[in-house]
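For the sequence shown, this note's numbering begins at 1495 and goes up steadily by one.
The next block holds one structure in the form of structure tokens; read it before the comments.
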Amino acid sequence: MSIDVESNGLRGKPFAVSLIRQHADGTIQKVSCRCPCENPNPWVAENVLPYMAVPETHKTYEEMLVAVGNAFHNLKNGAVVIAHCGAPVEATLFDELYKANVMGEFDGPFPLHELATVLAVLGENPHSTDEYCKKYNIVIDGVEGSTHDPEYDAMVALKVWNHCMSRITPTE
């Protein structure tokens, strides 16, 4: 399962989350949640908000946290959970879920697998999944949006992860 979070700055409150789970049979489940981003910092206002395809689904931060916690709980069983550059943003989300009593101490991903590390081990640029997709002709379909939209970023991370895993453990 791939998770992507957009927050108001690297250590600010999360305001948009997407979870994309690919099951063994190839079926995809997607859950995206978004609440208003109050007082966005200048970088977020310029580089994130204009590119968001995920609509606001919750009126408050607290409502969004409950929805994300429930979705994660429903999707996580048996899943390998991944994020691209998951610290501090995705890690902060799980801390916020715990502090809001939405998730218990042992309910989060353990481990939260890091795609950037896999890319680095393979000799690829760990900072750019888009660059990897271009290099290997990986098509991103099934989602709207672009970089900094959580559903798009989660799908890109999932596809890049799958491609990387096929390079590490080729099937016969």
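Glycine included, C-beta positions come from ideal geometry on N, C-alpha and C.
Computed from a predicted structure; not experimentally measured.
Name the one or two DSSP bridge partners that residue i has.
{"i": "S1512", "result": "D1498 and S1526"}
{"i": "E1599", "result": "None; E1599 has no bridge partner."}
{"i": "E1608", "result": "A1577"}
To the nearest angstrom, report how far apart residue i and residue j are at their CA atoms.
{"i": "T1611", "j": "I1632", "result": "19 Å"}
{"i": "L1569", "j": "D1601", "result": "12 Å"}
{"i": "G1728", "j": "P1536", "result": "Since the first residue shown for the chain is 1495 and the last is 1666, residue 1728 is missing from the structure and cannot be characterised."}
{"i": "P1530", "j": "E1540", "result": "16 Å"}
{"i": "L1609", "j": "H1578", "result": "5 Å"}
{"i": "E1588", "j": "V1596", "result": "Residue identity check: residue 1588 is Phe in the sequence provided, not Glu. Roughly 10 Å separates the two Cα atoms."}
{"i": "Y1545", "j": "G1617", "result": "30 Å"}
{"i": "D1676", "j": "D1498", "result": "Absent from the structure is residue 1676, since the part of the chain shown begins at 1495 and ends at 1666."}
{"i": "P1605", "j": "N1533", "result": "33 Å"}
{"i": "G1503", "j": "Y1630", "result": "31 Å"}
{"i": "C1658", "j": "T1623", "result": "11 Å"}
{"i": "T1554", "j": "A1518", "result": "34 Å"}
{"i": "W1655", "j": "E1557", "result": "30 Å"}
{"i": "V1575", "j": "L1513", "result": "9 Å"}
{"i": "Y1592", "j": "V1560", "result": "11 Å"}
{"i": "A1547", "j": "S1496", "result": "18 Å"}
{"i": "R1515", "j": "E1550", "result": "21 Å"}
{"i": "A1565", "j": "G1580", "result": "18 Å"}
{"i": "R1528", "j": "T1641", "result": "16 Å"}
{"i": "S1526", "j": "K1653", "result": "17 Å"}
If you count every other CB in all the chains shown that lies within 10 Å of the CB of residue i, and 16 or more means buried, which is it?
{"i": "G1563", "result": "buried"}
{"i": "K1628", "result": "exposed"}
{"i": "E1625", "result": "exposed"}
{"i": "N1619", "result": "exposed"}
{"i": "P1603", "result": "buried"}
{"i": "E1590", "result": "buried"}
{"i": "T1663", "result": "exposed"}
{"i": "G1598", "result": "exposed"}
{"i": "E1500", "result": "buried"}
{"i": "V1637", "result": "buried"}
{"i": "S1660", "result": "exposed"}
{"i": "V1615", "result": "exposed"}
Check your understanding: Counting Cβ pairs closer than 8 Å, one from the segment 1575-1590 and one from the segment 1497-1508, do we hit at least three?
Key -> Pairwise C-beta distances place the segment 1575-1590 in contact with the segment 1497-1508, as three or more of them are shorter than 8 Å.
Practice item. Within the segment 1525-1576, note down every full beta strand (DSSP E) run reaching 3 residues or more, in order along the chain. Key: Complete beta strand (DSSP E) runs here, min 3: none at all.
Point to revise | Sufficient close CB pairs (3 or more, under 8 Å) joining the segment 1512-1530 to the segment 1642-1649 | key: Taking a cut-off of 8 Å on C-beta distances, the segment 1512-1530 touches the segment 1642-1649, as three or more cross pairs fall below it.
Practice item. Pick out the complete alpha helix (DSSP H) segments inside the segment 1617-1641, 4 residues or longer, and give them in chain order. Key: The qualifying runs are 1623-1629.
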